[in-house]
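Student: Each residue of the sequence shown is one higher than the one before, counting from 96 in my numbering. Structure incoming, see below.
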Amino acid sequence: MLPKKNRLPAKEIRGLKKSGKLFGGKYSGILVGKNNLGVLRSAIVVSTKVSKKATVRNRIKRIIRSFITRNLINKGGPAHNASSIADAGGYDILILTKATILDKSYEEVVEDLSNILKKVLRTENGRQKSETS
Numbered sequence: 096m097l098p099k100k101n102r103l104p105a106k107e108i109r110g111l112k113k114s115g116k117l118f119g120g121k122y123s124g125i126l127v128g129k130n131n132l133g134v135l136r137s138a139i140v141v142s143t144k145v146s147k148k149a150t151v152r153n154r155i156k157r158i159i160r161s162f163i164t165r166n167l168i169n170k171g172g173p174a175h176n177a178s179s180i181a182d183a184g185g186y187d188i189l190i191l192t193k194a195t196i197l198d199k200s201y202e203e204v205v206e207d208l209s210n211i212l213k214k215v216l217r218t219e220n221g222r223q224k225s226e227t228s
């Protein structure tokens with residue numbers, strides 16, 4: 096389970112869906128938005144469209160939660176260089192899974208999430224450069 100300060104409340108998920116920017120990958124999509132708290136907050140959505148079985152949906156959430164904890168919150172995992180968005184802080188992240196995530200290994204899911212976060216970083220770095228000039 097994620098620490099409470101790193102969890103995105105349900106009522107704020109609705110706002111992020113409206114105002115966030117979506118980045119897609121093979122197995123999932125990430126909605127990203129700024130917050131004024133200076134801390135990274137995240138939530139994971141695995142719809143019943145992905146699987147009707149709660150055990151399958153929970154397995155997917157555990158894999159993604161492990162990635163978030165290792166690479167974004169604890170900042171020590173193999174994808175940390177690709178996901179230094181946590182260093183900047185002040186972001187809300189909503190991970191939306193696709194049905195293609197079923198039967199994928201931990202490594203495949205981590206690679207996909209790392210690639211999406213690289214896209215996020217490129218976009219955010221470009222946005223920050225344009226704001227400073």
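Note that beta-carbon positions come from the ideal geometry of N, C-alpha and C, so glycine has one too.
1) Answer yes or no: do Val127 and Lys116 have a C-beta to C-beta separation smaller than 8 Å?
2) Going along the chain, which residues of its own chain have a beta-carbon closer than 6 Å to the beta-carbon of Pro173, five neighbours each way excluded?
3) Work out the CA separation of Lys99 and Ser108 for me, nearest whole Å.
4) Per DSSP, Val140 forms a beta bridge with which residues?
5) Taking the straight line between their C-alpha atoms, what separation do you get for Arg102 and Lys144?
6) If we call anything under 8 Å between Cβ atoms a contact, is Gly124 one with Leu191?
7) Tell me which residues share the same chain as Val151 and place their Cβ nearer than 8 Å to its Cβ, disregarding the 5 neighbours each side in the sequence.
8) Expressed to the nearest angstrom, what Euclidean distance is found between the alpha-carbon atoms of Ala138 and Ile158?
9) Which residues mark the beginning and the end of the beta strand (DSSP E) in which Gly124 is found?
10) Using three-state DSSP, classify Pro98 as helix, strand or coil.
Tutor: So, from the listed chains and residues:
1) yes
2) The pLDDT assigned to Pro173 is 49, lower than 50, so where the model puts this residue is not dependable; a value taken from the coordinates is nonetheless given after this. Answer for Pro173: no residue qualifies.
3) It should be noted that the sequence gives Ile, not Ser, for residue 108. Using only the alpha carbons, I get a separation of about 15 Å.
4) Leu191
5) C-alpha of Arg102 to C-alpha of Lys144: approximately 23 Å in a straight line.
6) yes
7) Val145 and Leu197
8) 13 Å
9) Ser123 to Lys129
10) Pro98: coil per DSSP, three-state reduction.
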